[in-house]
Amino acid sequence: MDNIFKHKSTLHHSFSGTLSKGDEYASPDVIESFEGQQIIITEKMDGGASSFTKKEDGSLHINLRSLEQVDPADKKASWLCNYVDLLKEKLPLNFRFSGEILKWKHSIYYDELPSFFMLYRIWNDKNVSLGWDELTEWTELLDIPSFGIDKMYSVPLLYRGIYDNSLIKEIFDETVASGKEGIIVQLEGQFPYPEDIWYYTDILKLVRKGHVQTDEHWSRHLEPNQLEENSPFRNIPG
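Quick note on this note's numbering: the sequence shown kicks off at 8 and runs consecutively.
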């Protein structure tokens with residue numbers, strides 16, 4: 008079966024400074040379930056949630072927030088479509104690659120990105136989220152030699168270790184102070200897609216106070232983010 012599923016909601020940690028429309032804080036019980044667990048903390052980047060899958064028939068399904076297939080002619084999605092098309096032969100069937108598409112500025116301007124797509128999760132053909140080590144292994148396999156691209160990039164890893172509330176607060180405060188959107192806290196290993204609830208139980212987010220997350224404010228006037236000066240991803244049109 009084609010592995011195409013809707014992005015679930017991520018609950019806010021109680022330290023989070025902003026709730027957008029439809030967002031909710033995690034209950035104390037959910038946060039308590041992280042205690043003593045091995046976690047990773049990654050940077051929450053200010054882009055658009057996107058996923059792509061190579062289906063059973065070999066065709067590609069690329070989507071942004073909704074399940075709807077994007078139009079390659081849509082300026083907001085054309086770079087991602089071209090990138091995924093170049094990766095097509097190396098993608099495993101029915102694996103879902105999820106990440107931030109950062110081609111266009113939302114609230115934060117990026118001027119030295121390694122790539123316009125930053126991977127944060129891989130769901131395998133059993134709809135299980137792979138652990139961070141497995142994700143990292145996949146990034147090394149997804150190269151495009153003809154374009155000088157030696158890997159797929161993932162969101163920055165900020166911490167790996169045992170869950171600790173005081174440390175999470177410290178990392179969040181430092182991240183926000185440096186002008187970033189926030190952080191993502193998640194269990195380090197594999198976990199299944201939550202079929203029967205609307206949110207992830209293994210992931211929490213912390214977002215800076217006052218962060219604007221609506222599509223309308225940035226899509227009226229598209230301003231491109233910038234790649235690092237010598238990034239081979241500049242060779243991909245879109």
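In this text, a Cβ means the ideal position worked out from N, Cα and C, and glycines have one as well.
- In the structure shown, E107 adopts extended strand secondary structure according to DSSP, grouped into three states.
- Between the C-alpha atoms of T60 and E202 there is a straight-line separation of about 19 Å.
- In the structure shown, the three-state DSSP call for S114 is coil.
- CA-to-CA, the gap between E31 and E96 works out to about 39 Å.
- In the same chain as K216, and ignoring 5 residues on each side of it, the C-beta atoms closer than 7 Å to its own belong to G24 and T25, in chain order.
- Taken through DSSP and simplified to helix, strand or coil, W205 comes out as coil.
- Closest by C-alpha distance to Y160, out of V214, F240, Y116 and E39, is F240.
- When the beta-carbon positions are compared, E195 and G106 stay at least 8 Å from each other.
- Its Cα nearest to that of K51, the residue M125 stands out among H228, M125 and W145.
- Within the DSSP bridge table, the entry for W86 names no partner.
- Non-local C-beta neighbours of D132 in its own chain, meaning closer than 8 Å and more than five positions away in sequence, comprise N10, P99, L100, N101 and F102, ordered along the chain.
- Straight-line measurement puts the Cα of W111 at about 6 Å from the Cα of L229.
- Judged by DSSP in its simplified three-state form, I47 adopts strand.
- By DSSP's assignment, Q233 forms no beta bridge with any residue.
- Counted as a single uninterrupted DSSP element, the beta strand (DSSP E) harbouring T60 occupies residues G55 to K61.
- DSSP places T182 in the helix class (H, G or I) of the three-state scheme.
- Rounded to the nearest whole angstrom, the CA to CA distance from N134 to D118 is 34 Å.
- By the Cβ test, the region 31-46 is in contact with the region 153-172, since at least three Cβ pairs between them sit closer than 8 Å.
- Between the C-alpha atoms of S27 and D81 there is a straight-line separation of about 26 Å.
- In the three-state reduction of the DSSP assignment, P199 falls in the strand class.
- V192 and E235 have their C-alpha atoms roughly 27 Å apart.
- Assigned with DSSP and collapsed to three states, I243 falls in coil, not helix or strand.
- In chain order, Y207, I210 and K212 place their CB closer than 6 Å to the CB of T17, counting only its own chain and leaving out the 5 sequence neighbours on each side.
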